[in-house]
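Student: My structure is below; once you've seen it, I'll send some questions.
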Amino acid sequence: MATPDFIREIRATAGHQLLLLPGVSAIVFDDEGRVLLNRRADTGKWSIIGGIPEPGEQPADTAVREVHEETAVRCVVERVVLVQALKKIQYPNGDHCQFMDISLLCRATGGAPRVNDDESLDVGWFAVDALPELAEFALTRIKRALTDGPTWFEPATVAPTLDA
-12 MATPDFIREI RATAGHQLLL LPGVSAIVFD DEGRVLLNRR ADTGKWSIIG GIPEPGEQPA
48 DTAVREVHEE TAVRCVVERV VLVQALKKIQ YPNGDHCQFM DISLLCRATG GAPRVNDDES
108 LDVGWFAVDA LPELAEFALT RIKRALTDGP TWFEPATVAP TLDA
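Numbering (the working numbering), first residue to last: -12 to 151.
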């Protein structure tokens, strides 16, 4: 994922310190029940589509924008699937980040999938019973998107307290 300009500006003064950043993942299905995946340019691995919201951008708008920018597919957001704080990561340049991922179920409304920017090496539709090798991150989100359950989140590990 390309680093947005606003994060580069923050890094200019914040250095490599930990940044908590929003992330949006889109699990896009077509009318045949296939899921849209891209093979990422940064890792060479298949994954669901995702990105970082621009300042003031709503998560649903981020999902629609990222899907179109990366794959040329148009979609609409149907519901929130999952909200999860991901593990802290350190990039090779020394930057530390932790993403708060909001995963959204989307339905394709048009456009043929194609590599539409420099973030993808390949894109395509895949039957859920014939997926390429995927990280647990993507598999979990696809599995949760296929259920009618409520939004999934990790249970609180610290009991809230009320101060008198």
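No residue lacks a Cβ here, since even glycine has one placed at the ideal position from N, Cα and C. None of the values given here were measured: they were computed from a predicted structure.
(1) The beta strand (DSSP E) with Ile36 in it runs from where to where?
(2) Should Ser34 and Leu24 be called a contact, given that it needs their Cβ atoms to be closer than 8 Å?
(3) I'd like to check one pair, Leu133 with Val115: are the Cβ atoms closer than 8 Å?
(4) Taking the alpha carbon of Arg91 as the reference point, which residue from Asn80, Leu6, Thr58 and Glu65 has its own alpha carbon closest?
(5) What separation, rounded to the nearest whole angstrom, lies between the Cα atoms of Val68 and Gly2?
(6) Would you call the segment 103 to 122 in contact with the segment 70 to 88, where contact means no fewer than 3 C-beta pairs closer than 8 Å?
(7) Can you give me the Cβ contacts of Arg101 inside the same chain, cut-off strictly under 8 Å, excluding the 5 residues immediately before and after it?
(8) Compute the Euclidean distance between the alpha carbons of Gly43 and Arg52, then round it to the nearest angstrom.
Tutor: In brief:
(1) Taken as a continuous stretch (DSSP letters only), the beta strand (DSSP E) holding Ile36 covers Ile36 to Gly38.
(2) The answer is yes: Cβ separation under 8 Å.
(3) Contact: yes.
(4) With the sequence shown as reference, residue 91 is identified as Leu, and Arg is not the correct amino acid for it. Looking at the Cα atoms, Glu65 is the closest of the given residues.
(5) Between Val68 and Gly2, the alpha-carbon positions lie close to 33 Å from each other.
(6) Fewer than three Cβ pairs drawn from the segment 103 to 122 and the segment 70 to 88 lie within less than 8 Å of each other, which leaves the two stretches out of contact.
(7) Sequence-distant Cβ neighbours of Arg101 in its own chain, meaning closer than 8 Å and more than five residues away, are Thr58, Ala59 and Val110.
(8) So the alpha carbons of these two residues sit roughly 14 Å apart.
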